[in-house]
Amino acid sequence: MVLVALGGNLPTEHGPPRRTLEAALREMDAKGIRVVAVSRFYRTPPVSPHEQPDFVNAVAQVETDLGPAALLAVLHEIERLFGRERRLRWYERTLDLDLLDCRGEVVEAEGARGADAGTGPLPLALPHPGIAERGFVLVPLKDVAPDWRHPVTGKNVDGLIEALPPEALEGIEPLKP
Numbered sequence: 035m036v037l038v039a040l041g042g043n044l045p046t047e048h049g050p051p052r053r054t055l056e057a058a059l060r061e062m063d064a065k066g067i068r069v070v071a072v073s074r075f076y077r078t079p080p081v082s083p084h085e086q087p088d089f090v091n092a093v094a095q096v097e098t099d100l101g102p103a104a105l106l107a108v109l110h111e112i113e114r115l116f117g118r119e120r121r122l123r124w125y126e127r128t129l130d131l132d133l134l135d136c137r138g139e140v141v142e143a144e145g146a147r148g149a150d151a152g153t154g155p156l157p158l159a160l161p162h163p164g165i166a167e168r169g170f171v172l173v174p175l176k177d178v179a180p181d182w183r184h185p186v187t188g189k190n191v192d193g194l195i196e197a198l199p200p201e202a203l204e205g206i207e208p209l210k211p
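Numbering-wise, the working numbering comes out as the position in the sequence shown, counting from 1, plus 34.
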């Protein structure tokens with residue numbers, strides 16, 4: 035199973051964040067990353083202490099022949115096409131595409147886990163280093179892959195969600211279709 039998280043909180047030429055995420059899904063398909071399932075879209079509050087608009091988040095299950103590094107490179111290319119500017123961590127953005135899991139592979143990358151800030155993309159690490167702490171990822175992940183298990187800990191999505199502090203789930207609401 036290959037899982038990609040999508041998020042954004044700034045408008046683009048495609049419209050507001052939800053329309054941008056929908057356009058990004060089409061772009062993934064155009065680049066040979068076949069989207070097979072998409073969660074609901076969720077409005078989520080920003081994690082940043084900086085004042086900024088709410089995010090729209092979703093998770094997609096995709097199929098591709100690409101390996102993890104090549105897939106991540108294509109996702110970063112799509113981010114750039116959609117005007118992604120990398121600033122400090124947790125800042126507003128037009129589009130964020132995170133490779134959450136790629137066929138259960140485990141890849142440790144120096145500097146990826148626990149990195150706080152930076153202007154470039156983090157190195158490949160699988161599963162995504164922040165997946166277990168992010169309600170805004172786990173809630174839509176449950177929609178699209180309710181039986182998914184963390185490749186390192188073996189915990190299922192429900193167990194990961196239950197382990198979150200209540201504030202990690204506050205304000206996460208599905209958008210109307």
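We put the CB at the ideal spot given by N, CA and C, even for glycine.
Between the beta-carbon of Phe75 and that of Arg52 there is about 5 Å, and that keeps the pair under the 8 Å contact cut.
Shown here for Met35: same chain residues with a beta carbon closer than 7 Å to its own, the five before and five after excluded, namely Gln95, Asp135, Arg137, Ala179 and Trp182 in chain order. If one requires a minimum length of 3 residues, the beta strand (DSSP E) runs lying completely within the region 99-140 are 130-136, in chain order. Three or more beta-carbon pairs separated by less than 8 Å are not found between the region 185-204 and the region 65-74, which leaves the two stretches without contact. Val186 places its beta carbon less than 8 Å from that of Val140. For Val81, there is no enclosing alpha helix (DSSP H), as DSSP marks it with neither H nor E. Residue range Arg68 to Val72 is occupied by the beta strand (DSSP E) that includes Ala71. One thing to note: Leu131 has its Cβ within 8 Å of the Cβ of Glu113. Going by DSSP, Phe89 is part of the beta strand (DSSP E) stretching over Phe89 to Glu97. Cβ contact annotation for His162 (same chain, cutoff 6 Å, sequence separation greater than five): Asp132 and Leu134, in chain order. Proximity to Arg77 across Thr98, Leu40 and Glu111 peaks at Leu40, based on C-alpha coordinates.
Sorting Arg168, Pro157, His110 and Glu85 by C-alpha distance to the C-alpha of Leu203 places Arg168 at the top.
Under a 10 Å Cβ-count criterion, Val72 is classified as buried, with 16 or more other Cβ atoms of the shown protein chains found around its own Cβ. Leu209 counts as exposed, since fewer than 16 other C-beta atoms from the protein chains shown sit within 10 angstroms of its C-beta.
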